[in-house]
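One structure is given here, and the rest of the page talks about it.
Numbering (the numbering used here), first residue to last: 78 to 158.
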């Protein structure tokens with residue numbers, strides 16, 4: 078994990094942060110957090126069986142779970158010896 082933040086409004090309080098996560102199984106995630114961003118952005122998390130969508134601007138149902146996921150295709154690698 079690595080995280081980098083910057084204070085723009087109040088010294089000592091990071092209002093923009095970038096986080097990178099790498100897991101032992103090879104998965105990774107990048108997260109961008111900002112109190113300054115004027116755009117509404119939705120956050121998604123997708124797994125093999127379900128998908129989660131978080132929308133902070135929704136009055137109700139800020140978090141929705143869908144019964145839709147994905148399976149990564151199997152890849153075959155040929156090695157010449």
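Virtual Cβ for every residue (Gly too), placed ideally from N, Cα, C.
Alpha-carbon to alpha-carbon, residue 81 and residue 101
As a working mapping, residue 101 is identified with position 24 in the chain shown. As a working mapping, residue 81 is identified with position 4 in the chain shown. For residue 101 and residue 81, the distance between alpha carbons rounds to 21 Å.
8 Å contact criterion, which residue 127 and residue 143 should meet: CB distance rounded:
Against the chain shown, residue 127 aligns to sequence position 50. Against the chain shown, residue 143 aligns to sequence position 66. Going by Cβ atoms, the distance from residue 127 to residue 143 rounds to 6 Å, so yes, they are a contact pair.
Measuring straight from C-alpha to C-alpha, what distance separates residue 122 and residue 87?
The residue labelled residue 122 in the question sits at position 45 within the chain shown. The residue labelled residue 87 in the question sits at position 10 within the chain shown. So the alpha carbons of these two residues sit roughly 31 Å apart.
Starting from the C-beta of residue 113, find all residues in its chain whose C-beta is less than 7 Å away, skip the five residues before and the five after it, and write them out in chain order.
Position 36 of the chain shown holds residue 113. Closer than 7 Å at Cβ, skipping near neighbours: 85, 92 and 93.
For residue 105, which three-state DSSP category applies?
Residue numbering aside, residue 105 sits at position 28 when the chain shown is read from its first letter. Here residue 105 sits in strand by DSSP.
Can you give me the start and stop residues for the beta strand (DSSP E) that residue 142 sits inside?
The residue labelled residue 142 in the question sits at position 65 within the chain shown. Looking at the DSSP string, the run of the beta strand (DSSP E) that includes residue 142 is 140-143.
Can you tell me whether DSSP reads residue 92 as helix, strand or coil?
The residue given as residue 92 occupies position 15 in the chain shown. Note: residue 92 maps to coil in three-state DSSP.
Determine the direct distance from the alpha carbon of residue 130 to that of residue 106, and round the result to whole angstroms.
By 1-based counting over the chain shown, the position of residue 106 is 29. By 1-based counting over the chain shown, the position of residue 130 is 53. Spanning the two alpha carbons is a distance of roughly 15 Å.
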